[in-house]
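Right, one structure below, let's go through it.
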Amino acid sequence: MHSKREWAWGYLLIAPMALGLAVFYLWPILQTLYLSMTESGVFGGYTWVGMANFADLFTDEEMYGALGNTLLYAVLVLAGVPLSIVVAALLNVPGLRGLSLYRTLYFLPVVTMPAAVALTWSYLFNGDFGAINHVLGTVGIDGPYWLGDPDVAIYAIAVVGIWSSIGYNAVLFLAGLQGIPRHYYEAAEIDGAGRLRQFFRITLPLLTPTTFFVMVITMINALQVFDLVYLMIDLKSPALEGSRTIVYLFYETGFVQNQRGLAAAIAVILLGLILVLTAFQFRLQKKWVHYE
9 MHSKREWAWG
19 YLLIAPMALG
29 LAVFYLWPIL
39 QTLYLSMTES
49 GVFGGYTWVG
59 MANFADLFTD
69 EEMYGALGNT
79 LLYAVLVLAG
89 VPLSIVVAAL
99 LNVPGLRGLS
109 LYRTLYFLPV
119 VTMPAAVALT
129 WSYLFNGDFG
139 AINHVLGTVG
149 IDGPYWLGDP
159 DVAIYAIAVV
169 GIWSSIGYNA
179 VLFLAGLQGI
189 PRHYYEAAEI
199 DGAGRLRQFF
209 RITLPLLTPT
219 TFFVMVITMI
229 NALQVFDLVY
239 LMIDLKSPAL
249 EGSRTIVYLF
259 YETGFVQNQR
269 GLAAAIAVIL
279 LGLILVLTAF
289 QFRLQKKWVH
299 YE
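Quick note, the sequence shown lines up with residues 9 to 300 if you use our numbering.
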């Protein structure tokens, strides 16, 4: 049994963290929940409307369109996780020359300002003089207007999202690879297993805890995408409808149309979506994540 003095010291030590969580996380969530059930006035103030905002959103085609775009973007970015595993495995090869340089180059997009990333890729994706279409033209392929086509824009943005996340994910996978005991590979070599078989039979199964963590973080970040859409898609572009995400819809509703109550309801729906999908991933991980 712990004494009252020990309990007091324990609560005292966690008080700064608990206070920070309460002020910067819990209180804003409660405020958003309250605002989601109100309607903002033209000259300020709020009127209680209950669940009317949610009822409007569940019958709003723009909301369903934004939800579909967001989920599609999340699936596309999650599909880039295997690429991060391959990059990490290549960077983990013993005796690789220039390892520090490669790691720096792959991690560079993580520390680059989103505006710079969006500007650079907007130039590359330009339908008239972009480098990507120029390269495609040299092999006889007529490239589309990547950021102007409603059917293509979300895929172009997803490419940028994958490119931006590879470095961060690769660092996490490198840490996971270095945590795998070497004797597993030594035993496999004695049994005659090649490197490819070792990768699929040893590396991937023992890397599943890291893979699970990366997939959860990647999904949460993907569901909150906003800056790439805002910076790469013109407000008057016909592609905006095909690339508008939930957070972008929140921005339009709250800051452009000044419907703060409705915007708060969008934020609550996004929070619920993240919680549901994260809980689903945690439940599903029991079937494929292997802990040593």
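Note that CB positions come from ideal geometry on N, CA and C, so glycine has one too. Everything numeric in this text was worked out from a predicted model, so none of it was measured.
Per the coordinates, the alpha-carbon of residue 163 lies some 12 Å from the alpha-carbon of residue 87.
Its Cα nearest to that of residue 239, the residue 127 stands out among 44, 127, 75.
Taking the Cα of residue 192 as reference, the smallest distance to any Cα among 207, 182, 179 is reached at 207.
9 Å or more divides the Cβ of residue 119 from the Cβ of residue 247.
Across the structure, residue 166 and residue 212 are spaced so that their CA atoms are roughly 25 Å apart. Assigned with DSSP and collapsed to three states, residue 56 falls in strand.
The region 250 to 260 makes contact with the region 71 to 83; the number of CB pairs closer than 8 Å reaches 3 or more.
Counting along the chain, the unbroken beta strand (DSSP E) around residue 48 starts and ends at 46 to 48.
Straight through space, the alpha carbons of residue 115 and residue 173 are spaced by roughly 9 Å. About 6 Å separates the beta carbons of residue 89 and residue 222, which is inside the 8 Å limit, making them a contact pair. The beta carbon of residue 262 is closer than 6 Å to those of 268, 271 in its chain, skipping five residues each way along the sequence. Put simply, of 297, 204, 179 the residue whose alpha carbon is nearest the alpha carbon of residue 99 is 179.
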